[in-house]
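Be aware that the sequence shown starts at 286, since it is given in this note's numbering, and climbs by one per residue.
Working notes, structure below.
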Amino acid sequence: MDQKVLVLNGDYTAITLCSVQKAFVLLFLDKAEMVAKSDHGTLRTISQSFPKPSIIRLQRYVRVPYKGIALSRHNIFKRDHFECQYCGSTKNLTLDHVMPRSRGGESSWTNLLTACARCNHAKGHHTPNEAGLTIRQQPKKPTLAGFLKLSAGTIDQNWHAYLN
Numbered sequence: 286m287d288q289k290v291l292v293l294n295g296d297y298t299a300i301t302l303c304s305v306q307k308a309f310v311l312l313f314l315d316k317a318e319m320v321a322k323s324d325h326g327t328l329r330t331i332s333q334s335f336p337k338p339s340i341i342r343l344q345r346y347v348r349v350p351y352k353g354i355a356l357s358r359h360n361i362f363k364r365d366h367f368e369c370q371y372c373g374s375t376k377n378l379t380l381d382h383v384m385p386r387s388r389g390g391e392s393s394w395t396n397l398l399t400a401c402a403r404c405n406h407a408k409g410h411h412t413p414n415e416a417g418l419t420i421r422q423q424p425k426k427p428t429l430a431g432f433l434k435l436s437a438g439t440i441d442q443n444w445h446a447y448l449n
């Protein structure tokens, strides 16, 4: 039951992920409709069985003020797939400023990346080019749809149409 359900707004735009239990409650209370069923089982009561939702759509359009994805250590790690962006290691991960703070680099989505302690120490207060390091994937701010994909873990095939 730890599967996620994609929640669409009234206009079919993806807004969040929720648990199967929360989705079922929204469906049961007629606050949402099922757009797609999951291929992984059913929900059972003593006398009935219900299809497990994969995608639900809210009955009414809900105005959601988009504040962006919070810049946090965990979200940077998640964006970088919990891998050092210099060597690919998954051990002793830290945050690294591409343009060092000592040179005016700020803490932003485009200047922070995941680095292992060894690479971060080797880089020191230099830029990656000066330290002879190559960045595997340039840091950028993730989109909401892209971040929902990362947060979901496994993505249901039905979601692709709404997350692209």
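A virtual CB, placed ideally from N, CA and C, is assigned to each residue, including glycine.
Since F309 is in the alpha helix (DSSP H), which residue starts that stretch and which ends it? 305-313
Threshold first: 3 residues or longer. Then list the beta strand (DSSP E) segments lying entirely within the stretch 338-394, N to C. 378-382
Using the rule of at least 16 other Cβ atoms within 10 Å of the residue's Cβ for burial, across every protein chain shown, is A355 buried or exposed? exposed
Short of 8 Å in beta carbon distance, which residues of its chain neighbour L302, apart from the five on each side in sequence? Order them along the chain. K289, V290, L291, V292, L433, S436, A437
With DSSP as the reference, label K408 as helix, strand or coil. helix
Going by CA-CA distance only, name the one from G390, Q423, R421, V383 that's closest to N405. V383
For a test of the three-state rule: what should DSSP assign to G431, helix, strand or coil? helix
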